[in-house]
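Working notes, structure below.
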Amino acid sequence: MITAETIQDFTKIRESWGGQSVGFVPTMGALHAGHAKLIQTARTECDKVVLSIFVNPTQFNDASDLQKYPRTLEADLQMARECGADAVWLPNYTQLYPDDYRYKLSESDFSRKFEGAHRPGHFDGVLTVVLKLLNVARPRRAYFGEKDFQQLMLIQGMVQSLFLPITIVPVATVREPSGLAMSSRNRRLTPQELEIAPRLHAILREAGSPGEAAKELARVGFRVDYVEDFAGRRLAAAFLGEVRLIDNVLIGEQENG
Ligand code: AMP
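What follows is the structure in structure tokens.
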């Protein structure tokens with residue numbers, strides 16, 4: 086497995102692969118089994134697999150969330166190697182944002198709802214960085230988790246809208262046995278919060294309506310940002326202490342067990 090930091094070094098690697106199909110997995114690091122699933126899926130579908138690790142400051146609307154975002158590079162490289170990545174690209178802000186974020190991509194409707202309503206500017210940062218990463222990596226397929234369902238939909242929309250010759254591949258949410266969706270932010274939960282956290286998934290599945298779910302989440306100790314039904318999914322974000330968790334379930338999932 087090769088690692089590259091600069092765009093120039095990464096581009097040299099990319100060019101050496103010629104016309105082979107490239108699968109791309111963009112991440113912010115602190116890798117867990119959810120990321121591993123993305124890499125492994127790419128491994129089975131593509132000739133070459135690239136993982137990027139970049140904690141993108143433009144998508145953080147909360148400075149302390151950015152500052153406290155877990156960084157575990159050595160363990161990340163080991164996991165990437167074990168999952169069969171061919172290259173890990175570790176870009177930095179100065180190289181990715183030569184314009185210091187004067188140019189940005191924004192979506193004016195769906196990105197302002199749900200997550201976007203609570204995290205102003207978040208999806209502008211996400212779409213802009215993903216477009217930059219795709220332009221450099223030039224993958225045939227790029228892998229995104231359903232855990233971030235709104236992000237996945239916005240990236241699919243961007244690819245269609247801008248005619249990018251890339252297939253976006255959704256990967257189902259990987260969960261702990263307790264039902265808690267794997268997330269880099271779970272590392273910041275206290276032992277007590279970790280006991281409550283799986284209730285998010287359970288309550289989204291069990292409640293009869295978003296309102297009922299919000300009420301029950303508050304009762305067990307969450308500070309709820311939103312619970313909404315959209316496109317056959319129930320989407321939610323809620324805080325436990327300082328840590329903001331998001332999750333979503335297929336509506337009707339409970340009927341299938
Ligand atoms: P992040 O590092 O949190 O930006 O996530 C990088 C990619 O991994 C995104 O496409 C996420 O949706 C995906 N991802 C994060 N957590 C999970 C999970 N538990 N299951 C599946 N995919 C995930």
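If you're matching positions, the sequence shown starts at 86 in the numbering used here and goes up one per residue. In this text, a Cβ means the ideal position worked out from N, Cα and C, and glycines have one as well. Only a predicted model underlies this, so the values are computations on that prediction, with no experimental measurement involved.
{"query": "Stretch pair the segment 223 to 237 + the segment 253 to 272: three plus CB contacts closer than 8 Å", "result": "yes"}
{"query": "Contact check, Gly103 vs Ala127, beta carbons under 8 Å", "result": "no"}
{"query": "Three-state secondary structure assigned by DSSP to Glu261", "result": "coil"}
{"query": "Val135 - containing beta strand (DSSP E), residue span", "result": "133 to 138"}
{"query": "Local Cβ density within 10 Å of Lys97, reported as buried at 16 or more and exposed below that", "result": "exposed"}
{"query": "Span separating the alpha-carbon of Ala115 from that of Asp147", "result": "19 Å"}
{"query": "Three-state secondary structure (DSSP) of Glu340", "result": "In this prediction, Glu340 scores a pLDDT of 47, lower than 50, which makes its location untrustworthy; the coordinate-derived value is nonetheless stated afterwards. It is helical."}
{"query": "Range covered by the alpha helix (DSSP H) that runs through Ile281", "result": "276 to 281"}
{"query": "Near ligand 1: Ala322 beta-carbon under 7 Å from a heavy atom", "result": "no"}
{"query": "Boundaries (first-last residue) of the alpha helix (DSSP H) holding Tyr188", "result": "Here Tyr188 belongs to no alpha helix (DSSP H), and DSSP marks it neither H nor E."}
{"query": "Inter-stretch contact at 8 Å, needing at least 3 Cβ pairs: the segment 202 to 221 / the segment 181 to 190", "result": "yes"}
{"query": "Residue span of the alpha helix (DSSP H) that contains Glu297, given as start and end", "result": "295 to 305"}
{"query": "Val173: CB within 7 Å of a non-hydrogen atom of ligand 1", "result": "no"}
{"query": "beta-carbon Met267 near ligand 1 non-hydrogen atom, thresh 7 Å", "result": "yes"}
{"query": "His286 beta carbon less than 8 Å from that of Leu320", "result": "no"}
{"query": "Residues bridged to Leu239 [DSSP beta-bridge criterion]", "result": "DSSP lists no partner for Leu239."}
{"query": "Distance cut-off 7 Å: Val259 Cβ against heavy atoms of ligand 1", "result": "yes"}
{"query": "Exposure label - Ala172; buried when at least 16 CB within 10 Å", "result": "buried"}
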